[in-house]
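S.K.: If you count by the working numbering, then the sequence shown holds residues 34 to 341, one letter each, in order. Glycine is no exception: its CB is placed at the ideal position from the N, C-alpha and C atoms.
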Amino acid sequence: MNVLIAGGAGFLGSHLCDFFISKNHKVIAVDNFITGKKENIKHLLKNKKFKFIKADISKNIKIPGKIDAVLNFASPASPKDYIKYPLETLKTGSLGTLNLLELARLKKAKFLFASTSEVYGDPLVNPQPEEYWGNVNSIGIRSVYDEAKRFSEAAVMCYLRDYGVKTRIVRIFNTYGPRMNEKDGRAIPEFISQALAGRPVTVFGSGRQTRSFCFVSDLVKGVYKLLMSDYKYPVNIGNPNEITLKELAEIIIKLTASKSKIIYKELPQDDPKMRRPDITKAKKILKWLPDVQLEDGLRETIKYFKSL
Ligand code: NAD
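1) Closer than 8 angstroms to a non-hydrogen atom of the ligand NAD - does that hold for the CB of Thr208?
2) Is Phe53 near the ligand NAD, going by C-beta to nearest heavy atom under 8 angstroms?
3) DSSP puts Leu229 in a beta bridge; with which residues?
4) Sorry if obvious, but does the Cβ on Leu45 come closer than 8 angstroms to a heavy atom of the ligand NAD?
5) Is Ser148 near Gly129, with beta carbons less than 9 angstroms apart?
6) Mind checking which residues open and close the beta strand (DSSP E) that includes Tyr297?
7) Ignoring anything shorter than 3 residues, give me the beta strand (DSSP E) runs that lie fully in the region 205 to 284, in order along the chain.
8) With distances taken from CA atoms, which of Lys279, Tyr266, Leu341 is nearest Ile295?
9) Could you give the distance in angstroms between the alpha-carbon of Phe206 and the alpha-carbon of Ile172?
10) Around the C-beta of Gln302, are 16 or more other C-beta atoms found within 10 angstroms, so that it is buried, or is it exposed?
11) Among Thr313, Ile100, Val60, Asn132, whose alpha-carbon lies nearest the alpha-carbon of Leu77?
12) Considering Leu37, what are the terminal residues of the alpha helix (DSSP H) in which it resides?
13) Would you kindly report the start and end of the unbroken beta strand (DSSP E) that includes Ile86?
14) At a threshold of 8 angstroms, does Lys124 count as lining the ligand NAD (C-beta to nearest heavy atom)?
15) Among residues of its own chain, excluding the 5 on either side of Asn159, which ones have a beta-carbon nearer than 7 angstroms to its beta-carbon?
16) What residue ranges within the region 156 to 186 form continuous beta strand (DSSP E) runs of no fewer than 3 residues, ordered along the chain?
17) Assuming Glu9 and Thr313 form a contact by the criterion Cβ under 8 angstroms, report the distance between their Cβ atoms to the nearest whole angstrom.
18) Just checking Lys182 against the ligand NAD - is the residue's beta carbon closer than 8 angstroms to any of the ligand's heavy atoms?
19) Got a sec? Which residues, its chain only, sit under 7 angstroms from Leu322 by beta carbon, not counting five neighbours each side?
20) Grab me the residues of Val36's own chain with a C-beta within less than 6 angstroms of its C-beta, minus the 5 sequence neighbours each way, in chain order.
21) Among all the DSSP beta bridges, which residues are the ones paired with Pro342?
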C-alpha cells in the first residue's frame with residue numbers, strides 16, 4: 034500500500050511510519066512540526082519507501098499519486114500542548130480532518146482516524162466501552178482537544194454514511210514509549226525527566242486518579258489490525274491495567290534508582306479521575322491484546338530519555 038501518515042513526525046506517527054515500512058508498505062509522512070520533531074524520522078529520510086512532506090493539514094493540501102490509506106495522527110496531544118495551541122488544535126481536528134477525509138474520498142483510500150479516550154471526558158463509568166457517550170465539558174480548558182476529536186469522529190461517520198469512504202476510528206488510551214517529547218507535560222515523560230534529574234516528581238491532586246498505560250509497540254499493532262479489518266465503528270485500543278498516578282511515580286523512581294521525592298500540586302481543571310479501556314471489541318474483532326508489561330515498557334522509555 035501507499036500510506037499517508039499525517040502527524041508522521043510525532044511520537045505515535047513516527048512509530049507507525051517505522052511499522053508500515055517494516056511491513057513493506059510505502060509511507061508518505063505529512064507534518065508541520067508544531068509538536069513533532071525531525072529527529073523522530075531522521076533515520077527514515079534516506080529510505081526509498083519513505084517520503085516526507087512539510088504541510089499543515091488544516092490548510093489545503095494536495096498530494097499527487099496513488100494513496101491506498103490515510104491515517105490521521107496529526108494533532109497536539111498533550112494537555113500542555115493543546116492548551117498552548119488552542120486554535121491550531123481546533124483547526125487541525127476540524128478543517129484538518131475534513132481535508133484528509135476529502136483526500137481519502139478522491140483517492141478512494143481507506144481512512145483511519147486517531148481519536149482518544151478524551152471523547153469520554155471525565156467518565157462516569159469505568160471501564161469505558163465504545164458505547165459510552167462520555168461526560169465532556171464543552172467549554173472547559175480541555176475542550177479545544179476533546180470537542181475537536183468529537184467533531185472529527187462525526188465527520189468520519191458522515192464520510193462513511195454519505196460517501197462510502199472505508200473509515201476506521203481508533204480511540205487511543207494513554208500510550209507511552211521512546212520518542213515522547215520530554216517537555217510535553219504528560220505524566221510518564223515528566224516523571225522520568227524529573228526522576229533522572231533528581232528533581233521532585235510532581236503528582237497532581239492526591240495522586241489517587243487512575244490511568245492505564247499502553248506501550249507504543251502494542252498500540253501500533255492494534256492500529257494496523259484495525260486498518261486491515263472491515264470494522265467501521267470506534268475501537269478502544271489501550272492497556273486495561275489501571276494504576277494510580279502515585280503508584281506510577283513510585284515505580285519510575287524505583288526504576289531510575291532516583292533519590293527524588295514525590296510532591297503534590299493542585300489538580301488541573303477537568304482532569305479525569307479514572308481512565309480504563311474496555312477492550313472487549315479489540316479482543317473479539319481484531320484478536321488484539323496488549324503484550325508489554327508496564328515495567329518493561331518503562332525501562333525502554335527510561336533508556337530513551339537517558340540517551341537524549
Ligand atoms: P505528538 O504531538 O507527538 O504528535 C502529533 C503530530 O502531529 C506532531 O508531529 C505534530 O507536529 C503534528 N501536527 C499537529 N497538527 C498538525 C497539522 N495541522 N498539520 C500537520 N501536522 C500536525 O502526539 P502523539 O502522542 O504522537 O499523538 C498522535 C495522535 O494520537 C494525535 O492525534 C493524538 O490526539 C492521538 N492520541 C494520542 C494518545 C497518546 O497517548 N499518545 C492518546 C490518545 C490519542
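M.R.: In short:
1) yes
2) Phe53 Cβ: outside cutoff for every heavy atom of the ligand NAD.
3) BP columns for Leu229 are empty, so no partner.
4) yes
5) no
6) 295 to 298
7) The qualifying runs are 234 to 237, 243 to 245, 268 to 270, 275 to 277.
8) Lys279
9) 22 angstroms
10) Classification of Gln302: exposed, given that the 10 Å Cβ count is below 16.
11) Val60
12) Not the alpha helix (DSSP H): Leu37 falls in the beta strand (DSSP E), residues 35 to 39.
13) 83 to 87
14) yes
15) Correct list, in chain order: Met307, Arg309.
16) none
17) Past the boundaries of the shown model lies residue 9; the chain is included only from 34 to 341, so the question cannot be answered.
18) yes
19) Lys316
20) Phe53, His58, Val60, Ala102
21) There is simply no residue 342 to check, as the chain begins at 34 and stops at 341 in what is shown.
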